[in-house]
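Participant: For reference, the structure I am asking about is given below.
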Amino acid sequence: MPDSTAPKNPVKKFDEADKIAVIHARQQLMEQGLDYGPWSIYYFLFDSVGADRAPSRSTIALWLQELGFVDANARKRPRSSYKRFARDFVGELWQIDGLVYRLF
Numbered sequence: 001m002p003d004s005t006a007p008k009n010p011v012k013k014f015d016e017a018d019k020i021a022v023i024h025a026r027q028q029l030m031e032q033g034l035d036y037g038p039w040s041i042y043y044f045l046f047d048s049v050g051a052d053r054a055p056s057r058s059t060i061a062l063w064l065q066e067l068g069f070v071d072a073n074a075r076k077r078p079r080s081s082y083k084r085f086a087r088d089f090v091g092e093l094w095q096i097d098g099l100v101y102r103l104f
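Okay, so the sequence shown: first residue is 1 according to this note's numbering, each after it adds one.
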């Protein structure tokens with residue numbers, strides 16, 4: 001008989017109480033003036049509820065996104081808009097790091 005194809009570590013199931021705990025942890029961190037990102041919330045919950053009940057950082061980030069607590073970043077500048085610094089011929093601008101020194 002072949003080995004089971006079931007996952008060795010099944011996915012954790014979280015309920016609404018876990019989402020509420022994330023929201024409360026975020027509010028407490030905000031009130032204390034601390035960072036309230038997904039990593040900070042994860043470590044806060046890790047200390048308060050334990051490692052087995054704390055959702056992962058990515059799950060916390062997903063919940064914050066779903067609940068509208070996260071502002072999406074503006075689109076970054078595309079790399080195609082950068083101007084490449086290059087010369088047409090080899091040795092064309094060979095002393096660009098020259099130093100101006102006044103002798104008198």
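Virtual Cβ for every residue (Gly too), placed ideally from N, Cα, C.
Please tell me whether Ile60 and Pro38 are closer than 7 Å, where the distance is taken between their beta carbons.
Facilitator: Yes, Cβ-Cβ distance for Ile60 and Pro38 is below 7 Å.
Participant: Assess contact between the region 2 to 9 and the region 32 to 46, defined as three or more Cβ pairs (one per stretch) separated by less than 8 Å. Is contact present?
Facilitator: Too few Cβ pairs lie closer than 8 Å, so no.
Participant: Span of the alpha helix (DSSP H) holding Thr59?
Facilitator: Arg57 to Glu66 is the extent of the alpha helix (DSSP H) around Thr59.
Participant: Using DSSP with H/G/I as helix, E/B as strand and the rest coil, what is Arg53?
Facilitator: Three-state result, Arg53: coil.
Participant: Asp15 by DSSP, collapsed to three states: which one?
Facilitator: Of the three classes helix, strand and coil, the one that applies to Asp15 here is coil, per DSSP.
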